[in-house]
Amino acid sequence: MAIKGYIRERFFPHIWCPGCGHGIVLNSLLRAIEKLGMSKNEIVVVSGIGCSSRISGYVDFHTLHTIHGRALAFATGVKMSRPELNLIVPMGDGDALAIGGNHFIHSARRNIDMTAIVMNNRIYGMTGGQYSPLSGYGTLATTAPYTNIDYAFDTVELATAAGASFVARSTTYHVQQLTKILKQAILHEGFSVVEVLSQCPTYFGRKNRKGTAADMMEYYKNNTTPVGSKAKKENPDLIERGVFVEKEMLEYCREYDKIIERAMKERA
Amino acid sequence: MAIKGYIRERFFPHIWCPGCGHGIVLNSLLRAIEKLGMSKNEIVVVSGIGCSSRISGYVDFHTLHTIHGRALAFATGVKMSRPELNLIVPMGDGDALAIGGNHFIHSARRNIDMTAIVMNNRIYGMTGGQYSPLSGYGTLATTAPYTNIDYAFDTVELATAAGASFVARSTTYHVQQLTKILKQAILHEGFSVVEVLSQCPTYFGRKNRKGTAADMMEYYKNNTTPVGSKAKKENPDLIERGVFVEKEMLEYCREYDKIIERAMKERA
Amino acid sequence: MKNQNIKFIQGNEACVEGALYAGLDFFAGYPITPSTEIAELLSYRLPQKGGKFIQMEDEIASMGAIIGASLTGSKVMTATSGPGFSLMQEALGYAIMTEIPCVIVNVQRGGPSTGIPTHVSQGDVYQARWGTHGDHAIVTITASNHQDVFQTTVDAFNISETYRTPVILLYDEVVGHMRERLVLPKQGELPLVERLRTSVREGVDYHPYLPREDGRLPMSDFGGVHRYNVTGLFHDMWGFPSDNPEVVHDLIRHLVDKIRNNVNQIARFKEYYLKDAKCILISYGSSARSARNVVEYLRPRGEKLGLLELQTLWPFPHDIVNEKCVNAKHIVVVEMNMGQILREVKRAVERPERVFIANRIDGVFITPKDIRDILRVIQGKGV
Amino acid sequence: MKNQNIKFIQGNEACVEGALYAGLDFFAGYPITPSTEIAELLSYRLPQKGGKFIQMEDEIASMGAIIGASLTGSKVMTATSGPGFSLMQEALGYAIMTEIPCVIVNVQRGGPSTGIPTHVSQGDVYQARWGTHGDHAIVTITASNHQDVFQTTVDAFNISETYRTPVILLYDEVVGHMRERLVLPKQGELPLVERLRTSVREGVDYHPYLPREDGRLPMSDFGGVHRYNVTGLFHDMWGFPSDNPEVVHDLIRHLVDKIRNNVNQIARFKEYYLKDAKCILISYGSSARSARNVVEYLRPRGEKLGLLELQTLWPFPHDIVNEKCVNAKHIVVVEMNMGQILREVKRAVERPERVFIANRIDGVFITPKDIRDILRVIQGKGV
Amino acid sequence: MAKPKLKAHVIDREWCKGCGICVHFCPKNVLELDEEDKVVAARREDCICCKMCELRCPDLAIEIETE
Amino acid sequence: MAKPKLKAHVIDREWCKGCGICVHFCPKNVLELDEEDKVVAARREDCICCKMCELRCPDLAIEIETE
Amino acid sequence: MEKCRLVLSGSGGQGVITAAIILAEAAVLYENMIAVQSQVYGPAARGGATRSDVIISDSEIHYPKVIQPNVLVCLTQEAYIKFYPIIRPGGLLITDTRYVKIQRKVDAQQKELPVYQTVMEEIGNPIVFNICMLGAVIRMTDLVKAESIMKVLKDRIPSGFLEMNRKALDLGMKLAEDVKS
Amino acid sequence: MEKCRLVLSGSGGQGVITAAIILAEAAVLYENMIAVQSQVYGPAARGGATRSDVIISDSEIHYPKVIQPNVLVCLTQEAYIKFYPIIRPGGLLITDTRYVKIQRKVDAQQKELPVYQTVMEEIGNPIVFNICMLGAVIRMTDLVKAESIMKVLKDRIPSGFLEMNRKALDLGMKLAEDVKS
Ligand SMILES: Cc1ncc(C[n+]2csc(CCOP(=O)(O)OP(=O)(O)O)c2C)c(N)n1
Ligand SMILES: Cc1ncc(C[n+]2csc(CCOP(=O)(O)OP(=O)(O)O)c2C)c(N)n1
Ligand code: SF4
Ligand code: SF4
Ligand code: SF4
Ligand code: SF4
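Chains as they are written, first to last, in my numbering: chain A, 1 to 268; chain B, 269 to 536; chain C, 537 to 919; chain D, 920 to 1302; chain E, 1303 to 1369; chain F, 1370 to 1436; chain G, 1437 to 1617; chain H, 1618 to 1798.
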């Protein structure tokens, strides 16, 4: 099916600003799903609140637009009662890691089968440009007029430490890699985290003089490198892209099925 | 001052069960403070809710017994407005890492100067023995009658990934090491995490047939090893003890003081 | 010989029995005294019937999980007490807005804040009605003994499915923890309302938020043949966000009226000796037991005393209460708070100056003597 | 020439000016429309005076942080809107129980749930009163123009310090976002209530929870010379947990009575043309602007119309409202919800059948025409 | 497989927001924005059908149709 | 420094809950629980004043006094 | 029958609450009487004196707590001191000789039974202490039959332990007879 | 004076909201009049047609929104289509020739000004488009003096840009004169 077959065209053009990286994530995600040849009815997209979370309204799947930061908790309920469904949970960096941080690490710990996409634009877009836990030290935001003194999480390290069995990172510039990674993440059985370095030209870009959307993507082009590349050794400031973790681990819903078996046996 | 000088004797004997590890943590903490020769007025102890959190009522410092999981958030307010105070935040494993997980990782990320003590008995004691995010796969609890399928966090890894600048682990058996580590943690400027493997003979012990409190401590004696010991290489199942992370990083309150300087200059 | 259908259990266990009888499939919760036994027992019982139990990281996540599960067609429940109930308020509003059936049990303990966790109280009555932000309506039910706990739990699921609304089961520590007899009804003995599923076939345009003539909203299991959108924003009949004033107005009216206009159908209550009662006690939950004791004690002693035991607290059955009380000289609300149902009774009856309160707010279960002493004072008899 | 004390700003900025005037030292918050400007401006202004701003990971943490900071002697505030306000309810109860002064701003938007985030509503009035679990009392204030926003913000800090209670500033999107003139009072022009600190000297036994004869509770800055315990459990005069029924009873009564008994001291309101008014509009917040417009429009046209603008919503000034309304033929509550203050007015006045509502619940700011149209119907004049 | 031959740049002027991403990253500089800030294939003959514009467009507004 | 000489095992029978931790871990097996489940120094002469009982007691109920 | 109001008290580990539940359950399930059982919760209950109330009757029980027990069992000194003042004058007050030193002034029929001692001597396992005490109680009050207690135990404990419990129950009943006569 | 009700509309980047604020602020701070400004928020405002309302008066303003403007400025076609129906019959409707094709049927004095074109030709920087438009508005309505606008700008923008803005303002006023006469 052409990717337009996966969207709700009547709502386009979407509400995102010109050049918003979230649109590129949408673009990539649709292509990944198309390549996987999945049917619309087997996909559930659960999102929270934020510009990024509006993505759920645009895709023609089962879409659950929840409350800020809690998407993964809702998704857990959906997945546990319908394990055959494929859960995709796109979240903004604030949604996933500020207010939603606890659900993020606990979902990872349980290794419940779903794909969490962190659309990281390093800012709160929807509310107009406040700093997020991924903005990083020294950045400017409407609530950090004297520059931000908060350190940023490393999404990859946090997800890994919390127990996610698939952890990857890409950017809105590297759309082909992104599509490929999203495919792997969706196929992976267990909790997968894909961080996408995205751009908010309207707020993060303007506040931090990062130029146009294209300029911000240029930055990702020039300041990232494949995982374990030697470029990284020469220049530690480079951000690594690619798959960081991919391991076989018992998946939560399957484990629970065993519990049910045991419980029913005991009973009989 | 003798350690009894640091407690509120009128509330003893305390409410903890016979053999509860929390009492040993109290014992060690008092000795650490005594060795540091700190005055009672410079210490603020903030706790949440749980058996462990009752510790705040027994020590003769400024004590703030808050709500479940939020101790670090309250402590952040205290510390920011009175940076000269020493903040100690003892929490149960559920308090710190179930409902409190988000505040835990964000406090670590900010590297705000306080000492978080995770009194890890792998169970919810106060509510009577439900599993916690540190119980671990295969354990029994009142809410895991068919054994627990949740994986456990590794507190040390999680704290490290979140950005804590001091991360250590000890046990209620290794009281001398524990006291030493608590001293270091309190002296460290930045966010320090000390996980103490503690015992709840009443619930975790009983449910999981771990024997008496002494037996549970024997277990810690026999199944832990100093960080990086080669015993670990030979037997990967051993739990490492000691200081895992100790690094110099800009501390949050000091950073904020610089913000104030800048703001005042700009204004003048 | 032992009757397999008779059990001697705690109120919390009776609630579990009721939930399982009603067809509970999924429970997500976070332990808290005095509700924890509900989670503990369900972690054991649910998988035995192929259902699922999960202990989440907190109460917010628990609400999220049950809402998600309900959307796929499961009957869901969570259980908590005051502090957890406060945390659930945001997600509760989401369930109200999206009209997703779910049952929330709040076994009340003493508040505010951590309060007295192991002592009884009925202090969350108003929070159950107004705890979440924005205009809304909600159903809240309670009970005073295990047979009624079972029955009202079943009712809760039925009402939740019928009106597609969260229902709050507002029990209290005394009922939750005490043990007494429960006679299990046979399957089929109590009517069960199953999820009303859409009859719209695959491919035909399904409107998840277009009520039928009878006001009911047929559902399509999430993940099924109909793909639609669910959002906590105001939304149109397709479930898509809208700030069109007409859409907003109609939705909020629908959400509130579907409950308000059915106040009498939702009303559950019991009455004792009301016909000729000069003085009527109005009570609910465990305090109704003490009130009942007082009535049974004073009737034989010649006092024209009656008891109206409320089970449905919200929507408050104003007309019913008013009508029952027309001839009473004194109306005394017996509760363990500072007068929450008292407020409603005063709003409900004519001549509110007839309405008094006999309460206790110190964590101690109100005794018949407490009530009798206050009664005498109200009746002008003095101590 | 420009007068430095005149500003043309948003209501949210007026709130910030008021808070700084009142001596705000510490703000912790989490962004949410339509309150975000408060946080943004304070992140810039607070450090300029040596104060501190922190953006926390969520609203729960924000409440925790301001409570902790207040305990050390700081004047503190947070700001949010519906969804965040729901999340704050548990910690709000803690501040009530521990009697720690703090100011919580809720700039209301359309609910329930995510609702209509950028549109106006006044739907959180009852939640402000009853949102947290357990019996309790709370102060809630609002305003309709920037001068009053400034004034009520200062009041909020004063009341919070005087009674050692959280105070809710319940503004709305229209007032928060519109820009109009604010004339800054000079320092000293408005009285400020500073933290009442204990006079007990070091070493002498200090009782953090033993009220003085006048009912006020002197505080010792946390981290100072007096070490004591603070807990959300019921506690004795030293702040240590107690489930002694007498202690519990006295504490809950103290918490509620200190507010209830001072309802008239806490009451803030404004009145226009009430003396001879046959029809009285009662309104608050932005809707009071439309109501005022109606009064000013119809008076010259011969209608005996008056306006009672409420600023203090909780504790609700029943006696004042009743007294102001004795001679009115019609009383019309103008608000943007389904009748929350309407409920209170009906409870307050004699002959509640005189009370009507003119409201709007579709996210659109109520217009003078909306009110005039409804008025005619109420007066039996028809459309 | 033979390299694809361009049929058309299918551009949805309603959806295009003129962000310029496709223009910026087009390896052959085929695209530009017109006075209404909508993308146009100014030098379509140079197009090598790499489809990078299509893959990177945040608005799904441009597609490369090949024969 | 000369090794410390024992003065007394100071035991608070009110605080001791008889958990047996000190008894179990005493390297010289000095301690035991009496019939009331309170700790007693049954073999005080063997005590080497290592104070491990004191450091591990969850109830701050035992102290080693040295001269 | 008149309502019988019992309070069983002691310390955490002694199993008084289990005993109370077993007693009430036996009455309800096997002698179709009405019974209500409740207990004190919270940290207070963990250390210190625990208490469990049981009311047994043939008619509905509304108020479920016991204010003035006519049967009071105290298995620790602390419990005795705390609860003897509430017993109904002339009521039955059972204590264990090992744990409780009784006071003469108490207006009640005080029965001191060497329950613990007997259990240790005859069975050697303190785990059935509470069942033995229960035997004494039912023998003295004739509230429920021993068989009913055993039926309840059958549903609750591994069959391997039934024998020991039966023995403890009988011992308790025997102790009661001795003091009775 | 009679209340003057203005609605300035256009698309996100054009700075109509800033213009509205500057106008109202000038009236309040430098000509001590009463003014209220409000605007539409939300995603709707980001894409699509933004709108800002200004009321200027010498007496108190209670109801702060504009239902029927007597001055309407539309800087995009979308805004024009959306808002021309609300203008007060006979009111002043200002549009930019580049962005708006006006419709004859509208009952208002429609003034089409080549604001954008002029700015680009004379100044070459679209950033002052809104100020130029503002110049036209104040010249046509005589609501506030150009000096007052400049004073507001002084407090808002780096002094380096003042000159350019002054020029834009004058150009706007000039454009207004041309159509006036
Ligand atoms: C409980 C709650 N708090 C705050 C908000 C306001 N809010 C909406 S989205 C958002 C953050 C958006 O940032 P992010 O998640 O990074 O997504 P983005 O908009 O940048 O794509 C916030 C704070 C809310 N809706 N609910
Ligand atoms: C909001 C809220 N939810 C739940 C509870 C109930 N509760 C109290 S303590 C606790 C967990 C205790 O476990 P842990 O933190 O590990 O400490 P421990 O008791 O084991 O020392 C829980 C769930 C509560 N008090 N508040
Ligand atoms: S504000 Fe930022 S994140 Fe939101 S749509 Fe615009 S560019 Fe994207
Ligand atoms: S229940 Fe466990 S954690 Fe709590 S006091 Fe007893 S032993 Fe300690
Ligand atoms: S990338 Fe898309 S939206 Fe941007 S200019 Fe090209 S076609 Fe238009
Ligand atoms: S460790 Fe302490 S509490 Fe335990 S037995 Fe020894 S002295 Fe008693």
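Yeah, the Cβ is synthetic: ideal placement off N, Cα and C, and Gly gets one too.
Note that the coordinates shown come from a computational prediction; the quantities given were computed from them, not determined experimentally.
Beta-carbon gap between residue i and residue j smaller than 8 angstroms
i: D/Met1255; j: D/Arg1279; result: yes
i: A/Leu178; j: A/Thr155; result: no
i: D/Val1274; j: D/Val1264; result: yes
i: F/Ile1417; j: F/Ile1380; result: no
i: G/Gln1450; j: G/Asn1566; result: yes
i: A/Ile67; j: C/Ala627; result: yes
i: A/Ile43; j: A/Ile55; result: no
i: H/Ser1655; j: H/Asp1675; result: no
i: E/Arg1346; j: E/His1311; result: yes
Reference residue i, options the options, closest by Cα
i: H/Gln1727; options: H/Val1690, H/Arg1668, H/Ser1674 and H/Ser1676; result: H/Val1690
i: A/Pro145; options: D/Trp1233, D/Asn1183 and D/Glu959; result: D/Glu959
i: A/Leu140; options: A/Arg122, A/Gly48, A/Val245 and A/Val25; result: A/Arg122
i: C/Ile602; options: A/Asp60, A/Leu64, A/Val78 and A/Phe61; result: A/Val78
Same chain, Cβ closer than 8 angstroms to residue i, five either side skipped, listed in chain order
i: B/Pro286; result: Pro469 and Ala481
Beta bridge counterpart(s) of residue i as assigned by DSSP
i: C/Cys815; result: C/Leu841 and C/His866
i: G/Asp1489; result: G/Val1443 and G/Ser1474
i: H/Lys1728; result: H/Ile1711
i: A/Thr224; result: A/Ile239
i: B/Gln398; result: B/Tyr392
Length of the line joining the Cα atoms of residue i and residue j
i: D/Asp1133; j: B/Met269; result: 40 angstroms
i: C/Ser819; j: C/Leu843; result: 7 angstroms
i: D/Gly970; j: B/Arg509; result: 41 angstroms
i: G/Pro1500; j: C/Arg715; result: 9 angstroms
i: G/Ala1544; j: G/Thr1512; result: 18 angstroms
i: D/Arg1114; j: B/Lys451; result: 35 angstroms
Sequence-distant residues of the same chain with beta carbon closer than 6 angstroms to residue i, five excluded per side
i: C/His672; result: Ile632
Contact set between residue i and chain J, taken where Cβ atoms lie within less than 8 angstroms
i: D/Ser1209; result: Looking at the structure shown, chain J is missing, and the protein chains on hand are A, B, C, D, E, F, G and H.
Contacting residues, own chain, Cβ-Cβ under 7 angstroms from residue i (five flanking each side not counted)
i: G/Lys1518; result: Ala1485
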